[in-house]
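Protein chains in written order, with my numbering: chain A, 13 to 217; chain B, 13 to 217. Ideal Cβ positions, reconstructed from N, Cα and C, are used throughout, including at glycine.
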């Protein structure tokens, strides 16, 4: 290593001051705003103020950016299901953990999850990711069923429909949540858990 | 009226056997499947097995079809808010009526509401419809606030966030509901009301 490379404020040379994650983030923002089809590598380069070849220094194609973003979002959701707190212990606690964890991923990786939830399965890549989503959905539905089997949820609520409604509610957070708004992910997770398990209605007792 | 026109099974002549509503329904199906931009009048004609000029017999443009479908969906939602049961009486009953009514519109006008919920405000028409949606959302949020003001909902649940979560849950029904599935709109409305007001958790009392 030369001495000059450690000098403070030395201008960077050779490759631009963006790493692969910056490129992915910029791509996700543009995909969400304009749609994947309408977004070009040139638009991503403009967004970062670099040349197209600087983008191709990090990735081979636009699809590689989509794949990386979707893998990041799915990986974060799958990590919730793989956490020991989702796997062992009381089933109600496990369901509660998965609900909170999903809200945390949604609010923490808002752009990537928004992209994930809008997928329609138009390409082979999208279909593979949707298959991972279905796997996640099935695991969550099984957890709700386990909670129902232990008679921890009201008998007059069908667990399959409840799963769809509860996770539909959680997914809908991407439609309105703002990272610079008053609610952080943890507060929102608490609110969702309270609403889902105990309901809105004030009790006179 | 000539006698021949009342003869059973007389072949229809002059204009095709589709009315304007059939054209709108076919258009909405295609808009939801391929997107509004990618859908052409030719595709709508093919879907109905008629010529393009037969479509132009009923409507002047593709945008007129979009406008009619969105107006139909918004009109049905607005009718719920204008119903006397949404306007007078106990506020909890009014909120419950609006929740059930919204579920009924979603499940009854599934394709039109799906189209409505996917709008991004890309055109002047879309922006006008989104303004009607915001008006609906504000009325519903006010109703939730009225319920909170009468201390009918738990003090530890913020009414604004609750409105977003509850109506996000209701809107998410369009993502999975099938009109030929086991749940009808009324059963689903009952389930949503029960889940939202009383929560999932079985009570030992």
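Cut-off 7 angstroms between Cβ atoms - residues of its own chain near residue i, not counting five sequence neighbours on either side
i, result
"residue 44 (chain A)", "123, 126, 127"
"residue 92 (chain B)", "98, 110, 113, 114, 117"
"residue 162 (chain A)", "103"
"residue 205 (chain B)", "108, 111, 112"
"residue 186 (chain A)", "118, 122, 125, 126, 129"
"residue 137 (chain B)", "75, 78, 79"
"residue 148 (chain B)", "89, 90, 93"
"residue 56 (chain A)", "35, 38, 39, 42, 67"
Distance between residue j and residue i (C-alpha atoms, nearest Å)
i, j, result
"residue 222 (chain A)", "residue 110 (chain A)", "This structure cannot settle anything about residue 222 (chain A), because the visible part of chain A is limited to 13 through 217."
"residue 144 (chain B)", "residue 46 (chain A)", "23 angstroms"
"residue 58 (chain A)", "residue 83 (chain A)", "25 angstroms"
"residue 81 (chain A)", "residue 40 (chain A)", "7 angstroms"
"residue 105 (chain B)", "residue 209 (chain B)", "11 angstroms"
"residue 1 (chain A)", "residue 76 (chain A)", "Because chain A here runs from 13 to 217, residue 1 (chain A) falls outside it and cannot be looked at."
"residue 101 (chain B)", "residue 182 (chain A)", "31 angstroms"
"residue 201 (chain A)", "residue 170 (chain A)", "23 angstroms"
"residue 179 (chain B)", "residue 167 (chain A)", "24 angstroms"
"residue 160 (chain A)", "residue 153 (chain A)", "10 angstroms"
"residue 165 (chain A)", "residue 214 (chain A)", "19 angstroms"
"residue 191 (chain B)", "residue 207 (chain B)", "21 angstroms"
"residue 61 (chain B)", "residue 188 (chain A)", "41 angstroms"
"residue 193 (chain B)", "residue 31 (chain A)", "48 angstroms"
"residue 146 (chain A)", "residue 48 (chain A)", "22 angstroms"
Contact set for residue i: own chain, Cβ-Cβ below 6 angstroms, skip 5 residues either direction
i, result
"residue 133 (chain A)", "139, 142"
"residue 73 (chain B)", "none"
"residue 51 (chain B)", "42, 43"
"residue 85 (chain A)", "121, 124, 125, 128"
"residue 71 (chain A)", "77"
"residue 184 (chain A)", "none"
Under 8 angstroms by beta carbon: chain B residues contacting residue i
i, result
"residue 214 (chain A)", "163, 164, 165, 166, 167"
"residue 43 (chain A)", "Chain B residues near residue 43 (chain A): none, gap ~13 angstroms exceeds 8 angstroms."
"residue 206 (chain A)", "166, 168, 169"
"residue 173 (chain A)", "195, 200, 203"
Neighbourhood of residue i by C-beta, 8 angstroms cutoff - its chain only, sequence neighbours within 5 removed
i, result
"residue 217 (chain B)", "Any reading at residue 217 (chain B) needs caution, since the residue's pLDDT is 43, under 50, leaving its predicted position unreliable; the model's value is listed next. Cβ neighbours of residue 217 (chain B) beyond the five flanking positions: none."
"residue 54 (chain A)", "64"
"residue 151 (chain A)", "93"
Neighbouring residues, chain A, relative to residue i (Cβ below 8 angstroms)
i, result
"residue 65 (chain B)", "Those within 8 angstroms of residue 65 (chain B) in chain A number zero; the least Cβ separation is about 31 angstroms."
"residue 113 (chain B)", "The premise fails here: residue 113 (chain B) is roughly 17 angstroms from chain A at the closest Cβ pair, so nothing lies under 8 angstroms."
Residues that residue i contacts on chain B, provided the C-beta gap is smaller than 7 angstroms
i, result
"residue 176 (chain A)", "188"
Partners in chain B for residue i, counting only beta-carbon separations shorter than 9 angstroms
i, result
"residue 185 (chain A)", "176, 177, 180"
Proximal residues of chain A, C-beta to C-beta of residue i below 9 angstroms
i, result
"residue 209 (chain B)", "211, 212, 213"
For the 8 angstroms Cβ check, are there 3 or more pairs between the segment 60-71 of chain B and the segment 31-49 of chain B?
yes
Just to confirm the assignment: which complete alpha helix (DSSP H) runs, minimum length 4, are found wholly within the segment 120-197 of chain A?
122-129, 136-161, 171-184
With three or more beta-carbon pairs closer than 8 angstroms as the criterion, would you say the segment 166-175 of chain A touches the segment 192-202 of chain A?
no
Fully enclosed by the segment 48-82 of chain A, which alpha helix (DSSP H) runs are 4 residues long or longer?
53-60, 64-70
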